[in-house]
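Inspection log for the structure reproduced underneath, given as structure tokens.
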Amino acid sequence: MEKKNPTLAAILNFIIPGLGYLYAKKRETFGWIVLVSMILYTVYSYDKPYLLYQPMFIASSLLLSFAFAYDVYRELRSRKK
808 MEKKNPTLAA
818 ILNFIIPGLG
828 YLYAKKRETF
838 GWIVLVSMIL
848 YTVYSYDKPY
858 LLYQPMFIAS
868 SLLLSFAFAY
878 DVYRELRSRK
888 K
């Protein structure tokens with residue numbers, strides 16, 4: 808079984824939510840759902856630039872990115888043991 812780098816998976820999940828799960832081959836269905844929903848949200852908000860300046864949008868985006876990154880990192884670290 809190929810060892811996956813937990814730090815790389817966390818960075819991928821932080822930058823593009825869902826991509827770290829696909830790289831890690833852990834919770835792949837969830838990773839696809841997150842990735843597709845982020846793409847759809849990006850397409851939807853393309854003509855709404857005012858969303859980028861809303862504090863709740865910024866806070867929720869950062870919180871979700873950190874949570875997804877931590878989750879995939881924790882999953883891969885526990886798999887290594």
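When we follow the working numbering, the leftmost residue of the sequence shown carries the number 808, and every step to the right adds one. For each residue, glycine too, the CB sits at the ideal point set by N, CA and C.
Item	Value
8 angstroms Cβ shell around PHE821 - same chain, five flanking residues per side excluded	GLY827, SER872, PHE873, PHE875 and ALA876
Buried versus exposed, by CB contacts within 10 Å (16 or more), VAL841	buried
Backbone CA spacing between PRO824 and GLU835 [nearest angstrom]	12 angstroms
Where the alpha helix (DSSP H) containing LEU826 begins and where it ends	826-831
Distance cut-off 7 angstroms: ARG834 Cβ against heavy atoms of the ligand ADP	Only the bare structure without any ligand can be found here, which leaves the ligand ADP out of the picture.
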